[in-house]
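Only one structure is covered here, and it is reproduced in the block below.
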Amino acid sequence: MIEVSAHLIGGPVYFAGDRISCRVTFSNVRQTAGCPQNYIATKKSEEVLGWASAQVVCVCTINPQKVLVMDSISNCNTSMTINSTSLSPKAGERGLVIFSTKPKILVCDLTLPDESNTDYLYQETLPSSLPPSFRGQAIKYSYKLKIGLQRVGAPVKLLNIPFRLMTWQCTITASFINFPLIIKIIHFSVCGLPNCQDEQGIVVSNPFLKTSQCVNPEFDDPLETMQLLTSRRSPSVYKVTNGKGKVVNLCLFKSGYRLGEDIVGTLDFSASNVSCIQYSVSLQSQEVVPEEKRRRIGPYSKFADEIVTSYSKHHEFCIGFLQTHLSLPVPLHVTPSFDTDMVALKWRLHFEFVTAVTPLRWSGENNWEAPTSLDIETMVWDLPIVIYPTTPAHVSKALYGTCDATVVL
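The C-terminal position of the sequence shown is numbered 435 in this note's numbering, with every residue numbered one higher than the one before it.
Encoded structure:
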């Protein structure tokens, strides 16, 4: 029998514009009692593989309860017939294949002597305009390397290796300055797309490390630009107020963060005339489907404008505090900000401030007795931010992902 194994050389995570490489090994192994066929070891024989091809596909899975889908798209499931001698990108997929590379023939009429093996290398450059890997509630984008195999006189078999694709879309943060009326911006710096030629001095390089000669220049330039956007600090101070006065001064050092980075900020209550009892801040994603593509069950039903998912959260009792700080980690498994025709993913910091209706009276500096009951009110505020991707090697080492797959013919 023929055993086919595939291994992703660069790991399970890639960046748009990068080159994906896979080593495919074809082996002629003997059948034993442990095999599914329950055969005893056979005599030496040659095995012939009719053909093998490989290609990269992107599958879009749509939730019909949340997104309008055309009938031609929803019924696009394609299954292979036993007697088929070709491989379609839609073969075995339940969703819509929105992208597929041209299939590359790995082998044709391959003869394997007994207990022998041979290796082939598959390489493909991923376009930069692809959507990222995303597992949302309304839309899902998934990528896989699909290898089709067929022995002479046998049905076609598939070997799928899923991988994660990260993309980077430049988002000018000037579109995020429409805040609620309770926020007065003392200082806000718009961080646009810098010119890499003018900011070469900011990029830190190590003269003691040898520069790799196999770096893809199309892949390196977005990483340098992304590093410029996320490494530069431009502190912004927000004066948070309600109808009774100022609650806190919030300072964030930047508005764009990479995966795995910590969102750090300071809160200053020293000049506040409203007593803040406690506060919490959560990192939330907003999955937004365009208005014309939202599903409505009945004539009076209303689909939510966005699907909100919470991740890391910071909570603290701050009664009597003059200053404090917040720290929120950005998980490595989440998807950075992006926007397509079907869905847009945005990120924000969701603040909740619990304040006293009447200011608290401090009887002394060293001795204070808390009141037995306290009338409170809650104020909610959302601050948009931008999440950028990080290097694929960083994500690959932190997250578990399979790089190998095997099938027996």
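Virtual Cβ for every residue (Gly too), placed ideally from N, Cα, C. Keep in mind that this is a model prediction, so the values were computed, not measured.
On the three-state DSSP scale, how would you describe Leu254? helix
Considering only C-alpha positions, which residue in the set Val356, Pro261 and Asn186 is nearest to Ser308? Val356
Does the separation of the CB atoms of Glu332 and Lys372 fall below 9 Å? yes
Mark Thr193 as exposed unless 16 or more other C-beta atoms lie within 10 angstroms of its C-beta, in which case mark it buried. buried
Would you be able to state if there are at least three C-beta pairs under 8 Å between the segment 373-383 and the segment 394-407? yes
Three or more beta-carbon pairs under 8 Å between the segment 78-87 and the segment 172-182, yes or no? yes
Helix or strand or just coil, what does DSSP make of Pro410? strand
State buried or exposed for Ser422, treating a residue as buried only when at least 16 other CB atoms are found within 10 Å of its CB. buried
Start and end residues, alpha helix (DSSP H) containing Lys423: Pro418 to Ala424
If we call anything under 9 Å between Cβ atoms a contact, is Thr432 one with Val30? yes
Secondary structure at Gly270, three-state DSSP: helix, strand or coil? A small fix is needed here, since residue 270 is Lys in this sequence, not Gly. Here Lys270 sits in coil by DSSP.
Lys128 classed as buried or exposed, judged by whether at least 16 other C-beta atoms fall within 10 angstroms: exposed
Classify Val412 as buried or exposed, calling it buried when 16 or more other Cβ atoms lie within 10 Å of its own Cβ. buried
From Tyr264 to Leu293, what distance separates their C-alpha atoms? 10 Å
Is Lys166 helix, strand or coil by DSSP? strand
Are three or more beta carbon pairs between the segment 359-366 and the segment 147-163 nearer than 8 Å? yes
By alpha-carbon positions, which one of Leu386, Ile28, Ala370 and Ser311 ends up nearest to Ala180? Ile28
For Asn393, count neighbouring Cβ atoms within 10 angstroms of its own Cβ and tell me buried if that reaches 16, exposed if not. exposed
Could you tell me which of Ile289, Pro316, Ala370 and Phe347 sits nearest to Ser353, measuring between CA atoms? Ile289
Which residues in the same chain as Thr151 place their Cβ atom closer than 7 Å to its Cβ, once the five residues preceding and following it in sequence are excluded? Arg45
Report the residue from Leu94, Ser281 and Glu287 whose alpha carbon sits nearest the alpha carbon of Asp367. Leu94
I'd like the list of long-range same chain contacts for Thr335, defined as Cβ closer than 6 Å, with 5 residues on each side in sequence excluded. Ser311
Which of the three DSSP states, helix, strand or coil, is assigned to Glu313? strand
Using a threshold of 9 Å, state whether the C-beta atoms of Phe6 and Leu156 are closer than that. The requested residue 6 does not occur in the structure, where the chain is confined to residues 27 to 435.
Relative to the C-alpha of Arg177, which residue among Ile35, Pro90 and Glu72 is closest? Glu72
Local Cβ density within 10 Å of Asn275, reported as buried at 16 or more and exposed below that: buried
Measuring only the C-alpha atoms, how far is Ser306 from Pro115? 47 Å
Which residue marks the beginning of the beta strand (DSSP E) containing Val433, and which one marks its end? Asp430 to Val434
Do you know offhand how far Ala382's Cα is from Glu403's? 6 Å
Contiguous beta strand (DSSP E) assignments of at least 3 residues, all confined to the segment 110-139: 122-126 and 130-138
Give a yes or no on whether the minimum CB-CB distance between Pro115 and chain B is below 9 Å. Here there is only one protein chain, and chain B is not present.
When burial is assigned at 16 or more other CB atoms within 10 Å of the CB, is Tyr40 buried or exposed? buried
Hey, quick one: how far does the beta strand (DSSP E) through His340 stretch, first residue to last? Ile333 to Phe343
What's the call for Gln91, buried or exposed, on a 16-neighbour Cβ count within 10 Å? exposed
Cβ separation of Ala164 and Asn268, assumed to be a contact under 8 Å, to the nearest whole Å: Not really, about 34 Å apart at Cβ, beyond 8 Å.
Could you tell me the distance, in whole angstroms, from the CA atom of His438 to the CA atom of Leu285? In this structure the chain extends from 27 to 435, so residue 438 is not present and cannot be described.
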